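In order, the protein sequence lines correspond to chains W and U.
Counting the first sequence from 1 gives a position; my numbering is that position plus 29.
Counting the second sequence from 1 gives a position; my numbering is that position plus 50.
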Amino acid sequence: MNLSTAATADVPWAVWAIALPLGAAAAAFVSRRNLAWLGVIASLAVSATVTGLTWQVWRFGPRRYSVGGWGAPLGIDLYADGLSVLMLLMTAIIGVCVSVYAVGYFADRSAEANDDMGVAHRDNFWPLWLFLWAALNALFLSGDIFNLYVTLELITLSAVGLVTLAGSLTANAAALRYLLAALAGSLLYLLGVALLYASYGMLDIASLGRTMTPGSVSAAAIALMTVGLALKTALFPLHFWLPPAHANAPPPVSAVLSALVVKASFYLLLRLWFDAFPNVIALNAGSLLGILGAAAILWGSIQALVARRLKTLVAYSTVAQLGYLFLVFTLATPGETSTAWSGGVLFAISHACAKASMFLAVGSIQHAAGHDRIADLDGIGRQLPLTFFAVALASVSLMGLPPSGAFLAKWMLLEAALETGHVWLVVVILAGGLLAAGYLFRILGQAFTPSATAATFFVPRSMEGAALALALVALSLGLFSAPLLDLLRLGEIHVGNTAAAIMS
Amino acid sequence: VNIDPWVPLLVVLSSLIPGIWIFVLPEERISTRTVLNLAGAFLKVALVGLMMWGVYHEHRYEFRMPVLPELDLVLRADALGLLFVSLSAVLWLFTTIYAIAYLEGSPYRSRFFGFFSLCVSATVGVALAGNLFTFVIFYEILTLSTYPLVVHRGTPAALQAGRVYLRYTLAGGAVLLLASVWLYGLVGPIEFDEGVSLARLGNQSRGTLTAIFALLIAGLGVKAALVPLHGWLPVAMVAPAPVSALLHAVAVVKAGAFGIVRVVYDVYGIRFSEELGVTTPLAVLAGITIVYGSVRALFQDDLKRRLAFSTVSQVSFIVLGVAVVGPSSTIGGVVHLVHQGLMKITLFFCAGNMAETLGLHRISEMNGVGRRMPWTMAAFAVAAFGMIGVPPLAGFVSKWYLGVGAMEASQPWVLGVLATSTLLNAAYLLPVIHAAWFKEPQGAWHEDRSFGRLETHWALLMPPLVTAFLSLEGGLLAGTPFSPLRWVKLIVERAYAP
């Protein structure tokens, strides 16, 4: 029996997961009233659809939907397996928390004193954010490299729009730089897509995986797409656009950018390398990505160690942490179940939750104190205990210490590195953890110092709660990783399984 | 319903849940906080008592939760783990009582007691860890939860001590993690009760296994304060007295020493360690640490700093006993885990009492303090004589078995180390006792807080008296069925069982 027919009998949760945020974005764009309510309700509804889809995949295995009944190669196919579902879940959890935070952030009247943000900017947040969410969900559910290009562009445009919401001159300059870098990345990717379509006449990832043959065209396409996506994921040395953009955006936007948007292009790279390219990829091509990843860990950490602003520190921490993700390409062998691959995905999820929490909490600190200069934040832990607690818990995850999910991910990456004899990567992974402790304890030490000001700081409860909730999720991932890893094993991205899913 | 599997988890939770509760408690809710602290501490002691009874009657206490494929989080009560758990649980109870009085009226107590509880939860986790993976998890949590206690006062000196502490312990943690993952890659999960046979890996793995052993000892040696990894311990003495008690007797240093015991007996196995040739270098390292720590202690005028170097020296008796192969030295080493804890916590309590009541920190200021604080100084004297190894105190029992073990293993140089350290211990502890009891006071004390008929707050006085009494009993009643020595003999019989 064809899987697509079987799916029509079920609820098409995957379609709803894209249509709902899209519709909500349109509504938010048109209505402009009660936006906060609309945003939160839409977030919860989207999460419900994602939960439904997760249940389906858990129960019945990978799903394939043909939108409007037109299957591949003509129509649009949506494909959901363990990996996509995990990415959707990650987006949903972070999405709900960011929405709750945003309600408090944009409603807080005291914000006007500190943040230079007009009412118009606030009203633009909700449509752009919901649109971005729709685009992210669409990306995680697409199995066709051209549709993936479209979703990538949608993500870029809405993300750049969100950065400009800060309204400041620096933010606009950063947004422009981000726009140019991201467009260049998309363009390179699109060139690769064109090359593949010209030589194989197909766009479906699973089909490409079965058909692609080694050759100069394939190599060129792989190189173009990889460089384009690496640029979008801010892999060292292509990270130049990330710190200004992430450090100058409004806090809920920084959280979404650092946690989700860069993960989207990484996810796509992971799909392509392990699903479309495994038969044609040169054996040592992954080593190059690994080397750059290692360089990113060291360079990002050093920059974070010397950063003067809190948000810059956190942004450079993202550069460093993204480096770990690229170690997967060195450590995992395409086409087989591997510890490194699962570890990489777990790391991505753990980092997403911890970094989102970090940016939200740091945003609260900036919001309350009116600045984020690290040197002038003495005693901040005493003034904003709950927010600071979130910072501390998120830091445990970012350092990769137990009981966080990142600790398990590091354990798995280390295991793979030792198994494959990459001793230098072992050193980098461990050094990266120590460097992370180095830059994060620059902040954490300030919980204990005497206060710099006598002012009492206030932050709305929803902002404090959202940051803390995400930090707790990141921390508890270490305890509940077993079901996640089981889910990940459902319809692993490897060629054989995908093919089997289509045949059944 | 069989509740046995849940008991080890409950022992961890009995301090974790009150700890989290205390975090969110407003500062002024003093009585609620006290009730939570004490309820957790008493419950823990009761649960540990239950497990001791159960292990004696061959119950199996094992909590298991899958975390990664083929890798579980395991909490299990075995004889060795129980020894450490009961030490920590009992000493934590007294340290809590002491800390409540010590910190009376000072700010940020919710934060302090929250991390205090986390710290002891992590220690219990370390003690009950059923495999190396679980051990590493709790060992790292212990590092993190101790940092806020070290920097609690927020002074530049405290923050600097915190930085030093983190540099040492996080680096040590990274090394331990590396060694654990490496070993896991070779032989899979290392369950402490099954005795993985590393010998089956064959001769070509001997080099690797030796390297892993060295990494494990380096990682654990940071907390156990083995020379040259001891630098953080004397710096960390800026922390409040209850924290010093926690660092030196209840939790941190002990976790490192306990880990070394685990590695030698339950990961590598004593026979295989000996065959691999790693025990002698470890013994030599312990010997050097013992002598070095004692020599450094001689030259400290700050009492807490002198005691800190004394810890560096004394904890290595545990390592020495483990590394000199033979049942008697093992008994000496493992029983010292308990004896050193009882004696050292007494000394730190007494030092804290003098600082808190009279503002005394330096030994040169302590002339005649015995007349002002007779009970405190009596407890101090008992513990100090125990440290020196005067019979019939607890320290003597440890040293006796270590000496006998050295002869059995025909390593007479160990006797030299024991003799030297005894002389040095006497040389740095007796002047304190002499000054306190036999010298004339130099005038008024720096401050003199009055506590009515008692020399100090009753809750500051009771804990050192009890622990001093226990260290006396540890030696006097060593032959009775309920002494630490008897329990250790049970452990050692099992370790050397064919």
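Built from N, CA and C at the ideal position, the CB exists for glycine as well.
Just so we're clear, the structure is a prediction, and the values are computed from it rather than from any experiment.
Problem - Close Cβ partners of Phe491(U) (< 8 Å) along its chain, the five nearest in sequence each way excluded - result: The sequence as given places Pro at residue 491(U); Phe does not occur at that position. Closer than 8 Å at the Cβ level, and outside the excluded window around Pro491(U), lie Asn417, Gly418, Val419, Arg421, Arg422.
Would you mind sorting Leu413(W) into buried or exposed? The rule is 16 or more other CB atoms within 10 Å of its CB. buried
query = Where do the ends of the beta strand (DSSP E) carrying Ala109(W) lie?
reply = 106–109
Between which two residues does the beta strand (DSSP E) containing Leu125(U) stretch?
121–126
*Near Leu59(U), what residues of its chain come up, given a Cβ to Cβ distance below 7 Å and the 5 sequence neighbours on each side ignored?*
Phe113, Leu125
Let me confirm a value: His107(U) is counted as buried when at least 16 other C-beta atoms fall within 10 Å, else exposed. Which label applies? exposed
Can we say the stretch 300–312 of chain U touches the stretch 160–179 of chain U, given the rule of at least three CB pairs closer than 8 Å? yes
query: Residue range of the beta strand (DSSP E) that Val117(U) falls in?
result: 112–118
Chain-ordered neighbours of Gly204(U) on chain W, where CB pairs are closer than 7 Å:
Phe477, Thr478, Pro479
Would you say Phe303(W) faces chain U, with C-beta separation under 9 Å as the test?
no
Query - Nearest-angstrom beta carbon gap, Ala211(W) and Val189(W) [assumed within contact, 8 Å] - result: 7 Å
*Phe242(U) - DSSP class collapsed to helix/strand/coil*: coil
Leaving out five residues on either side along the sequence, give the residues of the same chain with a beta carbon under 6 Å from the beta carbon of Thr359(W). Gly315, Ser316, Gly319
Is the beta carbon of Ala284(W) sitting closer than 9 Å to the one on Ala203(W)?
no
query: Grouping DSSP H, G and I as helix and E and B as strand, with all else coil, what is Leu64(W)?
result: helix
Check: Which whole-angstrom value describes the C-beta separation of Leu258(W) and Leu298(W), a residue pair presumed to lie in contact below a C-beta threshold of 8 Å?
Finding: 4 Å
Decide if Val140(U) is buried, meaning its Cβ has at least 16 other Cβ atoms within 10 Å, or exposed. buried
Q | Short-range partners of chain U found in the stretch 421–434 of chain W, where Cβ spacing is below 7 Å | A | Val425, Leu430, Pro431, Pro432
| query | Going by beta carbon distance, what residues of the same chain come within less than 6 Å of Ala564(W), once the five residues before and after it are set aside? | reply | Not covered by the structure: residue 564(W). The range shown for chain W is 30 to 533.
**Request:** Under the assumption that Arg206(W) contacts Pro273(W) (Cβ atoms under 8 Å), give the Cβ distance between them as a whole number of angstroms.
**Result:** 6 Å
query = With Gly329(W) and Val348(W) assumed to form a contact (beta carbons below 8 Å), what rounded beta-carbon distance in angstroms separates them?
reply = 3 Å
Are there 16 or more other CB atoms within 10 angstroms of the CB of Arg110(U), so buried, or fewer, so exposed? exposed
Checklist entry - Whose Cβ in chain W lies nearer than 9 Å to the Cβ of Gly212(U)? => result Phe470, Gly474, Phe477
Is Ala140(W) helix, strand or coil when you go by DSSP?
With a pLDDT of 47 at Ala140(W), under the threshold of 50, the predicted position of this residue should be treated as unreliable, though the coordinate-derived value follows. Three-state result, Ala140(W): helix.
- Nearest chain W C-beta to Ala56(U) closer than 9 Å, yes or no? Correcting the residue identity first, residue 56(U) is Trp in this sequence and not Ala. False, the Cβ-Cβ gap to chain W never drops below 9 Å.
Point to revise | 7 Å Cβ cut-off: residues of chain U touching Gly462(W) | key: Ala224
* Exposure label - Ala369(W); buried when at least 16 CB within 10 Å -> buried
>> Can you pull out the residues from the stretch 370–402 of chain U whose beta carbon lies closer than 8 Å to at least one beta carbon of chain W?
In response: none
With a cut-off of 9 Å, does the C-beta of Pro116(U) fall near any C-beta of chain W?
yes
TODO: Could you check if Asp145(W) is buried or exposed, using at least 16 other CB atoms within 10 Å of its CB as the buried criterion?
DONE: With a pLDDT of 48 at Asp145(W), under the threshold of 50, the modelled position of this residue cannot be trusted, and the question is left open.
Helix, strand or coil for Thr530(U), going by three-state DSSP, please let me know. coil
Check your understanding: Bridge partners of Leu504(U), per DSSP?
Key -> Phe501(U)
Would DSSP call Asp145(W) helix, strand or coil? Because the pLDDT at Asp145(W) is just 48, under 50, the model does not fix this residue reliably, and the point stays unresolved.
Quiz item: In chain W, which residues lie with their C-beta within 7 Å of the C-beta of Leu194(U)?
Solution: Val425, Leu430
For Asn143(W), decide whether its Cβ has a neighbour in chain U, counting only Cβ atoms nearer than 9 Å. For Asn143(W), the pLDDT reaches just 46, beneath the cut-off of 50, and the residue's location in the model is therefore unreliable, leaving the point undetermined.
| query | For Asp498(U), which residues from the same chain have a beta carbon less than 7 Å from its beta carbon, with the 5 sequence-adjacent residues on both sides left out? | reply | Leu408
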